[in-house]
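Engineer: So that we are looking at the same thing, I have put the structure below in structure tokens.
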Amino acid sequence: MTAFFPATSDLPSRVKIVEVGPRDGLQNEANVSLSDKIQLIDMLSATGLTHIESGSFVSPKWVPQMADSSEVFQRIHRAPGIVYSALTPNARGVDLAIAAGADEIAIFASASEGFSQKNINCSIAQSLVRFEPVLLRAREHQLRVRGYLSCVTDCPYDGQTTPEQVANVARLLYQMGCYEVSLGDTVGKATPLRFARMLDACLSHIPADALAVHCHNTWGQALTNIYQALLMGISTVDASVAGLGGCPYAPGASGNVATEDVVYLCEQSGISTGIDLMKLAQAGEFICKQLGKPPASNTALALLTGDSDR
Ligand code: HMG
Ligand code: MG
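Residues in the sequence shown are numbered from 1 upward in steps of one, following the UniProt record's numbering.
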């Protein structure tokens, strides 16, 4: 067991945060206007973030909330040095993403059969076959492809997922040409020991610098699992401003870990992120006002209510 808990001197000196709020967050919110989506991304672009997942080119019948992603990409004010990426489940999605000017795309698979069927309407094996033309098209256009893998510890339909199942599909995504595989605790139920066992299995096939973690925070364990991943050498973390998010096909799952909370954890642990925490909290405050709810981030609440010195 000690192998899972190395010394804190093993923490990375820098963490790359992939901001997924405009996609993972807003795919779960009805009635967000196009101008609010654009303003959120523009505010996020001024925080020091280097990677913002800004939309999804999926079937509008399946996720109507992302139906205006082309307009979003065309109207945001792009800042130099930022990668604006999008989800694409199939070749049609890639074509739309390219036409809209996405800098990078992401395919998304599941480690469990139940979620694969519910989320993308096919088996895991079929999804991998369907991703081939996506990767081909991306290569033709020199676009990097990220691979998401959902349900890495638990599935809302099939129960617990084994580390071997996860490592097997993660390895296939990596071998197919995904430059990075983001391991998703879609339902937000993982705890550090199970999360560590899953990471350990993946690390035996994929180098740490090609892995990311994507933790939903339903059971309040996301930050703990992320810290565990950092201790194991993983230095790319997905997060969502104000803790927005969920997946329409993972009932009961809450938002991703809040980006503000990850930035605070990192900076206080001597890990640089390059992100201005106050500007980030203000971007979260803006979108939460539009949504009529408070940020799901303790750090943002402490900062914005002036309690940060207590
Ligand atoms: P399907 O119904 O099997 O496929 O859906 P289809 O080819 O029959 O298409 C259905 C309709 O959608 C057709 O329209 C297509 O033309 C259209 P119709 O002929 O009926 O008028 N269509 C499209 N339209 C626009 N863009 C496209 C596109 N593709 C088809 N790219 C499909 C299969 C994969 C398309 C569908 O299941 C789908 O779009 N699923 C996406 C679900 C989704 O977005 N889920 C949330 C994102 S994943 C997530 O949140 C997890 C993650 O955060 C990690 C984690 O937390 O674990 C990444
Ligand atoms: Mg997610």
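No residue lacks a Cβ here, since even glycine has one placed at the ideal position from N, Cα and C.
Computed from a prediction, not measured in an experiment: that's the story for all the values here.
Measure the Cβ-Cβ separation of CYS155 and GLY220 and say whether it is below 9 Å.
Structural biologist: Taking 9 Å as the Cβ cut-off, CYS155 and GLY220 do not qualify as a contacting pair.
Engineer: Under the assumption that VAL145 contacts ILE105 (Cβ atoms under 8 Å), give the Cβ distance between them as a whole number of angstroms.
Structural biologist: 6 Å
Engineer: I'd like to check one pair, HIS77 with ASP103: are the Cβ atoms closer than 9 Å?
Structural biologist: With a cutoff of 9 Å on beta-carbon distance, ASP103 and HIS77 are scored as not near each other.
Engineer: How is GLY93 classed by DSSP in three states: helix, strand or coil?
Structural biologist: helix
Engineer: I'd like to check one pair, ARG23 with MET66: are the Cβ atoms closer than 9 Å?
Structural biologist: yes
Engineer: I want to know whether the region 265-283 touches the region 209-217 - three or more CB-CB distances under 8 Å.
Structural biologist: no
Engineer: Would you kindly report the start and end of the unbroken beta strand (DSSP E) that includes LYS16?
Structural biologist: From DSSP, the beta strand (DSSP E) with LYS16 extends over 16-19.
Engineer: Give the single residue among ASP261, ALA281, LEU291 whose Cα lies nearest to the Cα of THR305.
Structural biologist: ALA281
Engineer: Under a three-way DSSP split, which group does CYS155 fall into?
Structural biologist: strand
Engineer: For ARG139, count neighbouring Cβ atoms within 10 angstroms of its own Cβ and tell me buried if that reaches 16, exposed if not.
Structural biologist: exposed
Engineer: Roughly how many angstroms lie between the CA atoms of VAL63 and ALA30, to the nearest whole one?
Structural biologist: 10 Å
Engineer: Any heavy atom of ligand 2 closer than 8 Å to the CB of VAL20?
Structural biologist: yes
Engineer: Let me check you understand the geometry: is the CB of ASP24 closer than 8 Å to at least one non-hydrogen atom of ligand 1?
Structural biologist: yes
Engineer: Can you have a look at LEU193 and say buried or exposed, based on whether 16 or more other CB atoms are within 10 angstroms of its CB?
Structural biologist: exposed
Engineer: Measuring CB to CB, does THR50 end up less than 9 Å from GLY81?
Structural biologist: yes
Engineer: Spatial neighbours of SER45 within its chain, please: C-beta separation below 8 Å, excluding the five flanking residues on both sides.
Structural biologist: Cβ within range, chain order: ILE52, ILE76, HIS77, ARG78, ALA79, ILE82.
Engineer: Measure how close the beta-carbons of VAL166 and ALA250 come, nearest whole angstrom, since I'm counting them as under 8 Å.
Structural biologist: Incorrect: roughly 16 Å between the Cβ atoms, too far for contact.
Engineer: Suppose the cutoff is 6 Å on Cβ atoms and the five residues either side in sequence are ignored; what does the same chain contact list for GLY147 look like?
Structural biologist: ILE107, LEU173, CYS178, VAL181
Engineer: Ligand 2 heavy atoms versus the CB of SER150: any closer than 8 Å?
Structural biologist: The answer is yes for SER150.
Engineer: Tell me the DSSP secondary structure of SER150 in three-state form.
Structural biologist: strand
Engineer: Whole-angstrom Cβ separation of ASN168 and ALA190, contact assumed at under 8 Å?
Structural biologist: A Cβ-Cβ distance of about 18 Å is found for the pair ASN168 and ALA190, leaving them out of contact under the 8 Å criterion.
Engineer: Return the residue from the list GLY274, LEU128, ALA253 that minimises the CA-CA distance to THR259.
Structural biologist: GLY274
Engineer: Drop a sphere of 10 angstroms on the beta-carbon of ASN121, count the other beta-carbons inside from all chains shown, and report buried for 16 or more, exposed for fewer.
Structural biologist: exposed
Engineer: Should ASP238 be labelled buried (16 or more other beta-carbon atoms within 10 Å of its own) or exposed?
Structural biologist: buried
Engineer: For the beta strand (DSSP E) containing ASP200, name the first residue and the last one.
Structural biologist: Annotation: ASP200 is outside any beta strand (DSSP E); the continuous alpha helix (DSSP H) that includes it extends over 192-203.
Engineer: Can you find a CB in chain C that lies within less than 9 Å of the CB of ARG130?
Structural biologist: Of the protein chains in this structure there is only one, and it is not chain C.
Engineer: Is VAL32 helix, strand or coil by DSSP?
Structural biologist: When DSSP states are grouped into helix, strand and coil, VAL32 belongs to the coil group.
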